[in-house]
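Enquirer: After the structure tokens below, expect a handful of questions from me.
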Amino acid sequence: MPPRTKTENKQKNPEVDVIKATASTPTKITAVKPKIKKMSPDELVEVKSNFYGTLFYKSKVTGFECEWSNCGDVNLLTIAELQNMRNGQRDFFSENWVMLVGDNAEQALDWLQIRKYYSDIVELDDLDEVFTWSPEKIETVVTKIARGAKDSIAMRAYDLIESGSLDSIKTIKAIEAATGYVLMEK
33 MPPRTKTENK QKNPEVDVIK ATASTPTKIT AVKPKIKKMS PDELVEVKSN FYGTLFYKSK
93 VTGFECEWSN CGDVNLLTIA ELQNMRNGQR DFFSENWVML VGDNAEQALD WLQIRKYYSD
153 IVELDDLDEV FTWSPEKIET VVTKIARGAK DSIAMRAYDL IESGSLDSIK TIKAIEAATG
213 YVLMEK
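Just so you know, we're using the working numbering here: the sequence shown kicks off at 33 and counts up by one.
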């Protein structure tokens, strides 16, 4: 193997440079990372449950406890507590068990750096809305959502099947295909 030359060892500048051509002189434009607005640790954020059934959170750091009785219930949590939740029990975000709502939700998603967990989320006002969709829409949309949301949909579907409220075989098969659960015995 031939020895390396000095030019091979040079690394490229990590900054992104763009040269803008003008009639007189070229201008250098440097890409700048957008600044995230700071949030106070005491600032309150509305947190909505996306979990079918009772959802309980207990902070490992502060001992703070919070309970959502039903899917769609909203509680107020501080930014500091949401940081503890993100650091200690990330599944609340990665599985979409909770969702930030309200006026400062977008800012909080950026500040907490959890926006990536909500890129493909389907926001439902009511979990039962899924069961009014066509089987094709159920398969395409539900397949893409987080595992936790799929679990909630499957649990709610099972309850609706047991009560007799959900009886469309096509809808049930679409939910089974999208969630990976067997809801009806063959």
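Backbone N, C-alpha and C fix where the C-beta goes; we use that ideal spot for every residue, glycine too. Quick caveat, the model's predicted, so the values are computed rather than measured.
(1) Name the DSSP bridge partner or partners of asparagine 107?
(2) Taking all protein chains shown into account, decide if lysine 70 is buried (16 or more other Cβ within 10 angstroms of its Cβ) or exposed.
(3) Please give me, in chain order, every unbroken run of the beta strand (DSSP E) with length at least 3 that falls completely inside the stretch 129-205.
(4) Can you give me the Cβ contacts of leucine 159 inside the same chain, cut-off strictly under 8 angstroms, excluding the 5 residues immediately before and after it?
(5) Could you check the C-alpha separation between valine 93 and glycine 120 for me, to the nearest Å?
(6) Would you give the residue range spanned by the beta strand (DSSP E) that phenylalanine 96 belongs to?
(7) Compute the beta-carbon to beta-carbon distance between glycine 180 and asparagine 128, rounded to the nearest angstrom, for a pair I have assumed lies under 8 angstroms.
(8) Taking the CB atoms as reference points, tell me whether tyrosine 96 and glutamate 113 lie closer together than 8 angstroms.
(9) Nearest-angstrom Cα distance between aspartate 199 and leucine 215?
(10) Using 10 angstroms around the beta-carbon of threonine 211, count the other beta-carbons present and answer buried if the total reaches 16, otherwise exposed.
(11) Starting from aspartate 74 and walking both ways along the alpha helix (DSSP H), at which residues does that stretch end?
(12) To the nearest angstrom, how far is it from the Cα of arginine 147 to the Cα of aspartate 191?
Expert: In terms of the structure at hand:
(1) Beta-bridge pairing by DSSP links asparagine 107 to Val79.
(2) Counting the other Cβ atoms within 10 Å of the Cβ of lysine 70 gives fewer than 16, which makes it exposed.
(3) Secondary structure within the stretch 129-205: the beta strand (DSSP E) runs of 3 or more consecutive residues, fully enclosed, are 130-133 (chain order).
(4) So the list reads Tyr84, Cys103, Gly104, Ser184, Ile185, Arg188, once near-sequence residues are dropped.
(5) Our two residues, valine 93 and glycine 120, have alpha carbons roughly 8 angstroms apart in a direct line.
(6) Careful: phenylalanine 96 lies outside any beta strand (DSSP E) and carries neither H nor E.
(7) With a Cβ gap of about 5 angstroms, glycine 180 and asparagine 128 count as contacting.
(8) Looking at the sequence itself, residue 96 is phenylalanine, so the reference to tyrosine does not match. Going by C-beta atoms, phenylalanine 96 is nearer than 8 angstroms to glutamate 113.
(9) Here the alpha carbons of leucine 215 and aspartate 199 stand approximately 11 angstroms from one another.
(10) Classification for threonine 211: buried.
(11) It is not in any alpha helix (DSSP H) - aspartate 74 carries neither H nor E in the DSSP assignment.
(12) So the two alpha carbons sit approximately 31 angstroms from each other.
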